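The sequence shown lines up with residues 28 to 226 when you count with this note's numbering. Think of the CB as a built atom: it goes at the ideal place given N, C-alpha and C, for glycine as much as any other residue. Note that the structure is predicted; figures quoted are calculated from it, not measured. Worksheet: the structure to be examined is printed underneath.
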Amino acid sequence: MQSTPQDILEISTIQDAQKAVSIAKKSKTPITTVGSTHSHSRLIQNNTGIIIRTEQLKGKITINTSDKVATLPSGMKLKEATKLLWDKGYAFSNQGDVDVQSIAGLIGTGVHGTGITHPSISTHVQDATIITSTGDIIKASENKAVLEATRLNLGAIGLIMDVTFAVVPIFFLHEQTWKQSTESLIEEVDTLARDNDHF
Ligand SMILES: Cc1cc2nc3c(=O)[nH]c(=O)nc-3n(C[C@H](O)[C@H](O)[C@H](O)COP(=O)(O)OP(=O)(O)OC[C@H]3O[C@@H](n4cnc5c(N)ncnc54)[C@H](O)[C@@H]3O)c2cc1C
């Protein structure tokens, strides 16, 4: 997949983000914000406007221990986020099997985890800081509809600067792998999914 945008802008602060939005607004060009570009689909393609890269939106995470929520910069990679959370004694309750995605990309596409009792990581989103197409800064939690839309936004909600997730105390998983015939797996799949926390 290839993009041939008019421009590619890299942002590392809210001011950069507002400047990028103002440039796009003046020239009436569409913005596509990208994280790690792991989706490699039309979601992140832009051949007429501006691509905004968010890899520099990383750094510190903030944990509110009484509410058990963590605020993470939107461009931070899942790999780094889980390490920083772990160092402070916290974890996501569920996540996908790859960790190259950015925090905003992850929720933008509603990346799934595993386990029938574990919903997508997007359901744990409690808040986000968003730059709108007018350059205004809004908090998703101030409007229930905006918060729900943020949870699976396909890049259409605005430019996300940070995301706040509900987190849980660290835990360990016991991993088992085995080979099984397709026929017996089909027979046992419901029981296996019920009896294993992540399957
Ligand atoms: C072939 C393939 C294999 C995959 N395998 C897995 C897998 O094994 N496990 C798994 O859990 N998931 C998997 N995914 C899903 C993929 O990891 C997700 O699509 C994830 O969103 C990618 O994150 P990213 O940071 O690369 O986001 P990107 O691909 O860069 O962007 C995804 C979306 O988020 C938007 N976005 C990104 N950053 C921002 C921001 N700061 N503000 C606003 N919008 C933003 C983009 O505009 C786009 O709509 C796969 C996807 C594909 C196509």
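Buried versus exposed, by CB contacts within 10 Å (16 or more), residue i
i    : result
P100 : buried
K87  : exposed
M28  : exposed
I213 : exposed
Q122 : buried
T89  : exposed
A51  : buried
K127 : The displayed chain sequence assigns Val, not Lys, to residue 127. Flag for V127 reads exposed.
T161 : exposed
N73  : buried
A108 : buried
S54  : exposed
I71  : buried
Contact belief for residue i with residue j at Cβ below 8 Å, rounded distance in angstroms
i    : j    : result
T64  : G76  : The Cβ separation is near 16 Å, so there is no contact.
A220 : D189 : No, A220 and D189 are not in contact; Cβ-Cβ is about 34 Å, not under 8 Å.
I158 : V48  : 6 Å
L179 : G137 : 4 Å
### Query
Is there contact here, the segment 114-123 with the segment 187-201, by at least three beta-carbon pairs under 8 Å?
yes
### Query
Counting Cβ pairs closer than 8 Å, one from the segment 159-171 and one from the segment 131-138, do we hit at least three?
no
### Task
Kindly provide the ranges of any beta strand (DSSP E) runs that are 3 or more residues long and lie completely inside the segment 149-201, ordered along the chain.
152-158, 164-166 and 186-193, all fully within the segment 149-201.
#### Entry: alpha helix (DSSP H) runs contained entirely in the segment 80-131, provided each spans 4 or more residues
105-114
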